[in-house]
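In my numbering, the protein residues as written are 5 to 480. Where a beta carbon is used, it is the ideal one built from N, C-alpha and C, also for glycine. Since this is a predicted model, take the numbers as computed values, not measurements. Here's the structure, in structure tokens; my notes come after.
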Ligand SMILES: [Zn+2]
């Protein structure tokens, strides 16, 4: 666990704990600050030969080695600093705290605990004690010693009310001890207090995502995990968030640093009977919005008569006015649906039924679909998009100038351009819908393979249907 802010404070204090304010010690420190490590090291080596500066010089050499991950030399120099510092001054306090951090990185956890407790015990300097307590708190939380971690968090909270770290740790403990409500509270507090949006916020977003997942709120979980990725602090937190999101099969996250200042719209939420609507803006559009809702509620009932879906939650519709912004935030082209959570993102002027049909289809008849094909999935969405235009004519326009042999080619080809595939599939499924019984159509939804269609309709009838459709497609 890295502690950049604390380390900065530590650097400032290095000078102040030197009993002898040697000019060369200051010069060496200036070199170090300018990232001139070779010269700084050389100067510090000289200073180790002088009694009055040996302790501080060994400490600084150890610190520089630790920064370049030369841990074995770092440890021996810091131990040397403690050995020289017989009075157990601040040099010892800091060296123990620093040794704790090194052993943390090398995974030597028993030593971490010993060194950090030593630093706390010496109690030489408020900042070094805070530093050690903060590290120890992280270690205890990692090792699931929640009582010790929480006790340290309380100590730190009482000392500095504005410190976000203990809030993050307590929130995390509450997550892992199944107290989601208070976990959410503490994690949000941590983010609020974390002015410089450091790794603390990164991990707090991740843990918020985890918390929402534990209560089944996938939408909010994805939102928080995407926040962690967008923030891009602490590589391990970003990787963790990415893995969780992948496992949720959810929105692909936004990673571009250009988007740092982009925030999702402050959605205006309107509860419909069957759908919750999120509008970017409703100002001066009252009549339009009312019409929009009425159309969608009606479509919901009509489409669901066919699909008889059993959904785990109320349908959500994010209605974007601005396609560009939607793409920047979600990194996808509108519209798209997250069928598992019954939510769709659509443009205001999109067809009423396409995206919601995807969700209906996924949850149709309360039983999982046994075989999905892109052709039938998009075909169903197209067939029930509630668009009044003649679907065969629309499909013919889409294939104009292209070679067309049979609709079955479209069923087979998985990676076809959606501008061609969707209209053809929509027209074909619409055609089949009008030619099939309720049971036949249900079977087509549940197993979307061509083999199943042949079995359902009977091979010769199915061939006839395909022929009939192809003929319509080929007439000028
Ligand atoms: Zn679609």
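Check	Outcome
For residue 349: DSSP bridge partner residues	322 and 340
Beta-carbon separation (whole angstroms), residue 144 vs residue 156, contact threshold 8 Å	7 Å
Distance CB(residue 109)-CB(residue 150) smaller than 9 Å	no
Backbone CA spacing between residue 4 and residue 29 [nearest angstrom]	Outside the displayed span of the chain (5 to 480) sits residue 4, for which this structure offers no information.
Distance cut-off 8 Å: residue 359 Cβ against heavy atoms of ligand 1	yes
Status (buried if at least 16 other CB within 10 Å, exposed otherwise) for residue 37	exposed
Limits of the alpha helix (DSSP H) - the one that residue 422 falls within	422 to 439
Contact test: residue 426 Cβ vs ligand 1 heavy atom, cutoff 8 Å	yes
First and last residue of the uninterrupted beta strand (DSSP E) at residue 376	Taken as a continuous stretch (DSSP letters only), residue 376 belongs to no beta strand (DSSP E), as it is neither H nor E.
Distance between residue 233 and residue 319 (C-alpha atoms, nearest Å)	27 Å
Distance cut-off 8 Å: residue 382 Cβ against heavy atoms of ligand 1	yes
Terminal residues of the alpha helix (DSSP H) in which residue 79 lies	75 to 88
Secondary structure of residue 275, DSSP reduced to three states	strand
Secondary structure of residue 221, DSSP reduced to three states	coil
Between the CA atoms of residue 224 and residue 459 - distance to the nearest angstrom	43 Å
Counterpart residues of residue 282 in DSSP-defined beta bridges	273 and 322
Bounding residues of the alpha helix (DSSP H) (the contiguous stretch that carries residue 134)	130 to 146
Sheet register partners of residue 451 (DSSP bridge)	375
Residue 176 burial status per 10 Å Cβ neighbour count (16 or more: buried)	buried
Distance between residue 423 and residue 276 (C-alpha atoms, nearest Å)	31 Å
Cβ-Cβ separation, residue 99 to residue 120 (assumed contact under 8 Å), whole Å	With a Cβ gap of about 12 Å, residue 120 and residue 99 do not count as contacting.
Chain-order list of residues whose beta-carbon lies under 6 Å from that of residue 368 (same chain, five-residue window excluded)	311, 313 and 449
Candidates 273, 250 and 140, of which the one nearest residue 152 by Cα	140
Same chain, Cβ closer than 6 Å to residue 125, five either side skipped, listed in chain order	none
Residue 157 Cβ short of 8 Å to ligand 1 heavy atom set	no
Euclidean distance between Cα positions of residue 392 and residue 356	11 Å
Any chain D beta carbon closer than 9 Å to residue 363	Of the protein chains in this structure there is only one, and it is not chain D.
Euclidean distance between Cα positions of residue 388 and residue 280	20 Å
Residue of 464, 417 and 308 minimising C-alpha distance to residue 370	308
Residue 367 in three-state terms, based on DSSP	coil
Check: residue 481 C-beta below 8 Å from any heavy atom of ligand 1	Past the edges of the chain, shown from 5 to 480, lies residue 481, and the structure says nothing about it.
Near ligand 1: residue 290 beta-carbon under 8 Å from a heavy atom	no
Reduced DSSP secondary structure (H/G/I, E/B, other) of residue 198	coil
Cα-Cα separation, residue 256 to residue 328	Confidence at residue 256 is low in this model, with a pLDDT of 38, below 50, so its placement is unreliable and no value can be given for it.
Backbone secondary structure at residue 96 - three-state DSSP	helix
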